[in-house]
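Per my numbering, the sequence shown starts with residue 1, numbered consecutively.
Cβ coordinates follow ideal geometry from the N, Cα and C atoms, glycine included.
These notes concern the structure reproduced below.
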Amino acid sequence: MKRVAITGPESTGKSSLASELARIFNTVWVPEFARDYLVQLSRPYGESDILKIAEGQLIAEEQYFLKANQIVFCDTDFLVTYIWSQVKYGRCDSWIEKKLSEHRYDLYLLCNIDLP
Numbered sequence: 001m002k003r004v005a006i007t008g009p010e011s012t013g014k015s016s017l018a019s020e021l022a023r024i025f026n027t028v029w030v031p032e033f034a035r036d037y038l039v040q041l042s043r044p045y046g047e048s049d050i051l052k053i054a055e056g057q058l059i060a061e062e063q064y065f066l067k068a069n070q071i072v073f074c075d076t077d078f079l080v081t082y083i084w085s086q087v088k089y090g091r092c093d094s095w096i097e098k099k100l101s102e103h104r105y106d107l108y109l110l111c112n113i114d115l116p
């Protein structure tokens, strides 16, 4: 089983790319957990929410991994939550840092605003 992380800044097409690749490869893709989490939040998010988002993303990834057909496409990774936390708060939870160094993907696709 292979894991592909699709990473990069917001609004660069990560979800569209993950969805289309999953369709082409007849498998599943892991949506970005933060989207639904933040929509359901009835207050402005805080630093502790970034940790909850990272934890939720990992749980979702493991659930989709069990349903995948040889490959799973992940719409985001720990690098995104790490950078988000560093930019917003100047630090990052040690759990996210640990997962960033431990949790590996077989391939990383970096999206940017210069891709059509």
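Check                                                                                                                                                     : Outcome
Does the separation of the CB atoms of K2 and I71 fall below 8 angstroms?                                                                                 : yes
From the DSSP output, in three-state form, read off F73 for me.                                                                                           : strand
Along the chain, where does the alpha helix (DSSP H) containing L109 start, and where does it finish?                                                     : Not the alpha helix (DSSP H): L109 falls in the beta strand (DSSP E), residues 107–110.
Take the Cβ of D75 as the centre, count every other Cβ of all protein chains shown within 10 Å, and call the residue buried at 16 or more, exposed below. : buried
Who are the Cβ neighbours of D93 in its own chain at under 6 angstroms, not counting the five residues just before and after it?                          : L51
Where do the N-terminal and C-terminal ends of the beta strand (DSSP E) with A5 fall, by residue?                                                         : 2–7
Check for me: the alpha helix (DSSP H) holding Y45 runs from which residue to which?                                                                      : Y45 -> no alpha helix (DSSP H), and no H or E assigned at all.
Of all the options F25, V4, G46, which has the alpha carbon lying nearest to the alpha carbon of V87?                                                     : G46
Between the stretch 57–70 and the stretch 9–18, do three or more beta carbon pairs fall short of 8 angstroms?                                             : no
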